[in-house]
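Asks: Below is a structure I'd like to ask you about.
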Amino acid sequence: MASSRRRFEKNRDRGKVLDKIDVKSMSFTELREDLGSLGLPAYRADQVFHWLHQGAETFGEMTNLPKPLRLQLAERYEVACAQVVRKRVSKDGTVKYLFRMNDGELVESVLMRYHHGISICISTQVGCKMNCSFCATGRSGFSRNLLPSEILAQIQSAQRDAGVRVSNVVLMGMGEPLDNYDNVLRFLRLVSCPEGMNIGMRHISLSTCGLADQIYRLADEKLQLTLSVSLHAPNDQIRSQTMPVNRRWNVESLLKACRYYAKQTGRRISFEYAMIRGVNDSDSCARELAERLRGMPAHVNLIPVNDVTGTGYQKSKMERQRAFAAILEAGGCTATVRRTLGSDIEASCGQLRRKHEGGDGDEG
Ligand code: SAH
Numbered sequence: 002m003a004s005s006r007r008r009f010e011k012n013r014d015r016g017k018v019l020d021k022i023d024v025k026s027m028s029f030t031e032l033r034e035d036l037g038s039l040g041l042p043a044y045r046a047d048q049v050f051h052w053l054h055q056g057a058e059t060f061g062e063m064t065n066l067p068k069p070l071r072l073q074l075a076e077r078y079e080v081a082c083a084q085v086v087r088k089r090v091s092k093d094g095t096v097k098y099l100f101r102m103n104d105g106e107l108v109e110s111v112l113m114r115y116h117h118g119i120s121i122c123i124s125t126q127v128g129c130k131m132n133c134s135f136c137a138t139g140r141s142g143f144s145r146n147l148l149p150s151e152i153l154a155q156i157q158s159a160q161r162d163a164g165v166r167v168s169n170v171v172l173m174g175m176g177e178p179l180d181n182y183d184n185v186l187r188f189l190r191l192v193s194c195p196e197g198m199n200i201g202m203r204h205i206s207l208s209t210c211g212l213a214d215q216i217y218r219l220a221d222e223k224l225q226l227t228l229s230v231s232l233h234a235p236n237d238q239i240r241s242q243t244m245p246v247n248r249r250w251n252v253e254s255l256l257k258a259c260r261y262y263a264k265q266t267g268r269r270i271s272f273e274y275a276m277i278r279g280v281n282d283s284d285s286c287a288r289e290l291a292e293r294l295r296g297m298p299a300h301v302n303l304i305p306v307n308d309v310t311g312t313g314y315q316k317s318k319m320e321r322q323r324a325f326a327a328i329l330e331a332g333g334c335t336a337t338v339r340r341t342l343g344s345d346i347e348a349s350c351g352q353l354r355r356k357h358e359g360g361d362g363d364e365g
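So the mapping is simple: the numbering used here equals the position in the sequence shown, first residue as 1, plus 1.
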C-alpha cells in the first residue's frame, strides 16, 4: 500500500531513471495492493501484471481494460522498456542487441540458440565499477544500476524482436550483478514467478567477479540458480593483476564463500576461466587450479579471452586450452573448453556499446 508506493517513488525522487512509479518492478502482491488503494478489484491487477510480464510496453496495448482506466494507469505508472537501437546477427544465429532505456542509457544483451533452447545474456548495470583488465565494459566507466524492470525488459524486447521464447537466462552481460544486489534479487523473483515469465531458477545463472560478502548473502537466500564465478586465475599474484576486486577479496576468501554457497544450496559452482596467452594458461596454473578446487563441487569453463582493443591480450591456442583442461581433469576437476558463439559480431560484453559511443575508434 502506501509503503510499496513510497518504495517505487524513490525512483522519482532520484529524478533520473523513470518519471513515474516503476510498475514493472512491483511484485504481484504489491501491484494488487497499489491498484486496490485506487479502488480497483484484484482481477485488474492480474490483468495488468499479465500484460506487463508478457512484454506490453504501453497501457494502450492492454485491450481488455476499459479505455479510461488505461489512461488513468498511464498517468500514474511508467513502463520501463528496452528499445532496440542496434542489432547484429551472427552466422551462427546469435543476435547481439544494443538497447536504449527510457532515460537514454544504453545496454547490451545477447540471444543465443542452443540445441536445448534459447538463452539470453543480459546486463544488470549501465557500465561497471570492477575494471577487470580484459573487459570492455569497465573501460566505459559506470553510469548506474538497472532497475528490476529494466533487466526484465531486455528479455521481453529480445523475445518480441526475435519471435522466440527464452528458456534460459544468464546474468553475464554488462555490470556486476552482486553490486546491484537488491534490484537483481527482485528481478530474479519476478522473472521466476508463476504469474510472470515463469523461468525457473534452475534455468538462471548469475555470474560474479567475486564479491564474497554478497555471495554469502545470496547463499542464504537458498535459490536454485547457478552461481558462476569469474575466477580467471589460480592465485592472488595473477588475479590481482587482472582483476582489481581480488585486492578486496582474494582467491582464498572467494573460494571459502563459494564452498559456503555450495553447502547452503546444494548446487555445483561454475568457474569461468578466460585463457590469456602467457598470463594464466601454463601447466602449473592448471595444476594449481585443480589443487585449489579439490573437494568442492565445481565445474570449470575454459574460454579463450576475447580480443578487446587496447588490452594487448591474446587468446590461448586451442591445443593449450585442451592441455589445460586435461590437467584439470587429471587433477579431479571437471572442465569444458567452451564453444564461443557470436565472435564475428563482437558478442562479448561491452564491445557494441563502446563502438556505438565511439569508444573504440573505427566502426565495425
Ligand atoms: N561482472 C560479472 C558478469 C559480467 S562479465 C562477472 O564478472 O562475472 C561476464 C563474463 O565475461 C565474466 O566471466 C567476465 O570475466 C568475462 N569477460 C569479460 N571480458 C572478457 C574477455 N575479453 N574475454 C573473455 N571473457 C571476458
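Heads up, the beta-carbon is just placed ideally off N, CA and C, and yes, glycines get one too. Since we're looking at a predicted model, the values are computed, not measured.
If you follow the beta strand (DSSP E) that Asn146 is part of, which residue opens it and which one closes it?
Replies: Within the sequence shown, residue 146 is the residue found at index 145, counting from 1. Residues Phe143 to Asn146.
Asks: If Leu200 sits next to Val170, beta carbons under 8 Å apart, how far is it from one beta carbon to the other, in whole angstroms?
Replies: To locate residue 200, count along the sequence shown from 1; it is residue 199. To locate residue 170, count along the sequence shown from 1; it is residue 169. One detail in the question is off: residue 200 reads as Ile in this sequence, not Leu. That belief holds up - the Cβ atoms of Ile200 and Val170 are roughly 6 Å apart, short of 8 Å.
Asks: In this structure, how does DSSP classify Gly311 when only helix, strand and coil are distinguished?
Replies: The residue labelled residue 311 in the question sits at position 310 within the sequence shown. Coil at Gly311, not helix or strand.
Asks: For Arg89 and Phe188, I'd like the C-alpha separation in whole angstroms.
Replies: Here the question's residue 89 lines up with position 88 in the sequence shown. Here the question's residue 188 lines up with position 187 in the sequence shown. If you take the alpha carbons of Arg89 and Phe188, they lie about 26 Å apart.
Asks: Among Ser168, Leu329, Met131 and Val127, whose alpha-carbon lies nearest the alpha-carbon of Trp250?
Replies: Residue 250 sits at position 249 when you count from the first residue of the sequence shown. When only C-alpha atoms are compared, the closest one is Met131.
Asks: Measuring only the C-alpha atoms, how far is Glu62 from Arg140?
Replies: In the sequence shown, counting from the first residue as 1, residue 62 sits at position 61. In the sequence shown, counting from the first residue as 1, residue 140 sits at position 139. The alpha-carbon atoms of Glu62 and Arg140 are separated by roughly 39 Å.
Asks: May I ask you to report which of helix, strand or coil DSSP gives Gln126?
Replies: On the sequence shown, position 125 is the one that residue 126 refers to. Three-state DSSP puts Gln126 in a strand.
Asks: Please report whether the beta-carbon of Phe143 lies at a distance below 9 Å from any beta-carbon of chain B.
Replies: In the structure shown, chain B does not exist; there is a single protein chain.
Asks: Hey, is Cys82 close to the ligand SAH, as in C-beta under 8 Å from one of its heavy atoms?
Replies: Within the sequence shown, residue 82 is the residue found at index 81, counting from 1. Because no heavy atom of the ligand SAH lies under 8 Å away, the Cβ of Cys82 does not count as near it: no.
Asks: Go through its chain and collect everything with a Cβ distance to Gln84's Cβ below 6 Å, but skip five positions before and after it.
Replies: The sequence position of residue 84 within the sequence shown is 83, counting from 1. Same-chain partners within the cutoff: Arg101.
Asks: Who are the near neighbours of Val252 in its chain, counting only those whose CB is closer than 8 Å to its CB and skipping five residues on each side?
Replies: Locating residue 252 in the sequence shown gives position 251, where the first residue counts as 1. Cβ neighbours of Val252 beyond the five flanking positions: Leu232, Ala234, Pro235, Asn236, Asp237, Arg240 and Arg293.
Asks: Which residues in the same chain have their Cβ closer than 6 Å to the Cβ of Phe29, if we skip the five residues on either side of it in sequence?
Replies: To locate residue 29, count along the sequence shown from 1; it is residue 28. Correct list, in chain order: Phe50 and Glu196.
Asks: For Met244, which residues of its own chain have a beta-carbon under 8 Å away from its beta-carbon, when the five flanking residues on both sides are left out?
Replies: Along the sequence shown, read from residue 1 onward, the residue named residue 244 stands at position 243. Around Met244: Met131, Cys133, Ser134, Cys210, Gly211, Ser231, His233 and Ala234.
Asks: Considering only residues of the same chain and omitting the five flanking positions on each side of Arg161, which have a CB-CB separation below 7 Å?
Replies: Position 160 of the sequence shown, counted from the start, is the residue given in the question as residue 161. Within the same chain, Arg161 has close Cβ partners Gly56.
Asks: Excluding the 5 residues flanking Glu177 on each side, which residues of the same chain have their C-beta closer than 8 Å to its C-beta?
Replies: Residue mapping note: residue 177 aligns to position 176 of the sequence shown, counting from 1. If we look at Glu177 and ignore the five residues flanking it on each side, its Cβ neighbours are Thr125, Gln126, Cys129, Lys130, Met131, Thr209, Cys210 and Leu212.
Asks: Mind checking Gln155: buried by the 16 CB within 10 Å criterion, or exposed?
Replies: Position 154 of the sequence shown holds residue 155. Gln155 comes out buried.
Asks: Closest to Tyr78 by C-alpha separation, out of Leu112, Thr64, Leu39 and Tyr115, would be which residue?
Replies: Taking the sequence shown and counting its residues from 1, one reaches residue 78 at position 77. Checked all of Leu112, Thr64, Leu39 and Tyr115; the closest Cα to Tyr78 is Leu39.
Asks: For Lys315 versus Gly279, is the C-beta spacing smaller than 9 Å?
Replies: For the purposes of this step, residue 315 is taken as the residue at position 314 of the sequence shown. For the purposes of this step, residue 279 is taken as the residue at position 278 of the sequence shown. Reading off the sequence shown, one finds Gln at residue 315, where the question assumed Lys. Contact: yes.
Asks: Arg323 to Thr266, Cα distance in whole Å?
Replies: Position 322 of the sequence shown, counted from the first residue, corresponds to residue 323. Position 265 of the sequence shown, counted from the first residue, corresponds to residue 266. Arg323 and Thr266: Cα-Cα distance of roughly 31 Å.
Asks: Using the Cα positions of Asn103 and Arg288, report the straight-line distance between them to the nearest angstrom.
Replies: Taking the sequence shown and counting its residues from 1, the one referred to as residue 103 is at position 102. Taking the sequence shown and counting its residues from 1, the one referred to as residue 288 is at position 287. Approximately 48 Å, taken between the alpha carbons.
Asks: How should Leu19 be labelled, buried or exposed, when 16 other C-beta atoms within 10 angstroms of its C-beta is the threshold for buried?
Replies: By 1-based counting over the sequence shown, the position of residue 19 is 18. It counts as buried.
Asks: Look at Thr335 and Val301 and say whether their C-beta atoms are less than 9 Å apart.
Replies: In the sequence shown, counting from the first residue as 1, residue 335 sits at position 334. In the sequence shown, counting from the first residue as 1, residue 301 sits at position 300. In this structure, Val301 lies closer than 9 Å to Thr335 by Cβ.
Asks: Between Leu36, Leu107, Val165 and Ser120, which has its C-alpha nearest Asn146's C-alpha?
Replies: As a position in the sequence shown, residue 146 is number 145, starting the count at 1. Nearest of Leu36, Leu107, Val165 and Ser120 to Asn146, Cα basis: Leu107.
Asks: Using a threshold of 9 Å, state whether the C-beta atoms of Val96 and Leu53 are closer than that.
Replies: Stepping through the sequence shown from its first residue, residue 96 is reached at position 95. Stepping through the sequence shown from its first residue, residue 53 is reached at position 52. No, the Cβ-Cβ distance between Val96 and Leu53 is not below 9 Å.
Asks: Is the beta carbon of Lys21 less than 9 Å from the beta carbon of Glu76?
Replies: Residue mapping note: residue 21 aligns to position 20 of the sequence shown, counting from 1. Residue mapping note: residue 76 aligns to position 75 of the sequence shown, counting from 1. Their beta carbons are under 9 Å apart, which means Lys21 touches Glu76 by this criterion.
Asks: Rounded to a whole number of angstroms, what is the C-alpha to C-alpha distance between Met173 and Ile123?
Replies: To locate residue 173, count along the sequence shown from 1; it is residue 172. To locate residue 123, count along the sequence shown from 1; it is residue 122. Met173 and Ile123: Cα-Cα distance of roughly 6 Å.
Asks: What span of residues does the beta strand (DSSP E) with Gln84 cover, start to end?
Replies: Along the sequence shown, one-based indexing puts residue 84 at 83. Start and end: Gln84 to Val90.
Asks: Look at the alpha carbon of Gln225 and the alpha carbon of Arg203, and state the distance between them as a whole number of angstroms.
Replies: The count along the sequence shown starts at 1 and reaches residue 225 at position 224. The count along the sequence shown starts at 1 and reaches residue 203 at position 202. The alpha-carbon atoms of Gln225 and Arg203 are separated by roughly 6 Å.
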